[in-house]
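Everything on this sheet refers to the single structure shown next.
Structural data, given as structure tokens:
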């Protein structure tokens, strides 16, 4: 059986060893061609380090006096990720009330399914 391996100049040369020298995703083989690159994870855009937490909190709207329960999933000194039943009806600006911290003024920066990202004002 003849297998084909890619060389540095991308010309095909037979490999009579009976094994395939090409790199396949997930096999953990080393890279043999400079054209093959690893997929890099998305760049982290946070400026502060994120702390994973599971704290109960409340979203408070001063305008109508409404309060919505939420869970803080992670937090930095500049913002947080909140888990809510539904992001529908939550305004772009609100107060976040944590059990042991002062009230934090928040601005919504993103919304996905049952989570919202906020920046502290």
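Numbering (the working numbering), first residue to last: 19 to 139. All C-beta atoms in this analysis are idealised placements derived from N, C-alpha and C, irrespective of residue type, glycine included.
- Residue pairing for residue 127: DSSP places it in no beta bridge.
- Look at residue 68 here: in three-state DSSP terms it is coil, with no helix or strand label.
- Counting C-beta pairs closer than 8 Å gives fewer than three between the region 82-91 and the region 119-130, which falls short of the contact rule.
- Closest option to residue 85, judged by alpha-carbon separation, among 131, 102 and 138: 102.
- When the Cα atoms are used, residue 69 and residue 82 turn out to be separated by approximately 32 Å.
- Pairing residue 99 with residue 135 gives a Cβ-Cβ distance under 8 Å.
- Annotation for residue 139: 123, 124 and 125 place their beta carbon closer than 7 Å to its own, counting only its chain and skipping 5 residues before and after.
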